[in-house]
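Numbering (the numbering used here), first residue to last: 155 to 287. Virtual Cβ for every residue (Gly too), placed ideally from N, Cα, C. For clarity, every value in this text was computed on a predicted model and none was experimentally measured.
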């Protein structure tokens, strides 16, 4: 399997990236329905969190947590940690990536799509594909 960007599609799920520091502003932007869903599922933008928010008659959105600045002092590919927890589908990042190196984070998401499947049986797991930001 080759890691690549997905084709832009009207069916792509909007993905909002946040940290604990940007979480409250994002909730003000997205509204009470999303905020209530996040509270119900204990989503706060922590490192590696991922949440799909159904929006009634609208298409769902995805929220990805990339942790606090202290969480990100060592390591990389914080966005990929959350993206691996998404159900298979096509996702489009909405807004800015609130991290020091957005291009590296996008690369991490692409690399997280790879799975070595040569010896696996029944490897029907899907991937969370990313539309080029």
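I need the boundaries of the beta strand (DSSP E) containing residue i, first residue and last residue.
i           : result
residue 287 : From DSSP, residue 287 is part of no beta strand (DSSP E); its letter is neither H nor E.
The alpha helix (DSSP H) that contains residue i, what's its start and end?
i           : result
residue 236 : 232–237
residue 177 : 177–184
Which residues does DSSP list as the beta-bridge partners of residue i?
i           : result
residue 172 : 219
residue 209 : 212
residue 243 : 282
residue 160 : 285
So what's residue i in DSSP terms, helix, strand or just coil?
i           : result
residue 252 : coil
residue 192 : helix
residue 202 : coil
residue 267 : coil
Would residue i and residue j qualify as a contact pair, given that the criterion is a beta-carbon distance under 8 Å?
i           : j           : result
residue 281 : residue 171 : no
residue 233 : residue 269 : no
residue 262 : residue 226 : no
residue 165 : residue 244 : yes
residue 215 : residue 168 : yes
residue 210 : residue 173 : no
residue 285 : residue 204 : no
Between residue i and chain B, is the shortest Cβ-Cβ distance under 8 Å, so that the two count as touching?
i           : result
residue 166 : Absent here is chain B; the protein component of the structure consists of one chain.
Quick one: is the Cβ of residue i within less than 7 Å of any heavy atom of the ligand HEM?
i           : result
residue 238 : Within the structure as shown, the ligand HEM is missing, as the structure has no ligands at all.
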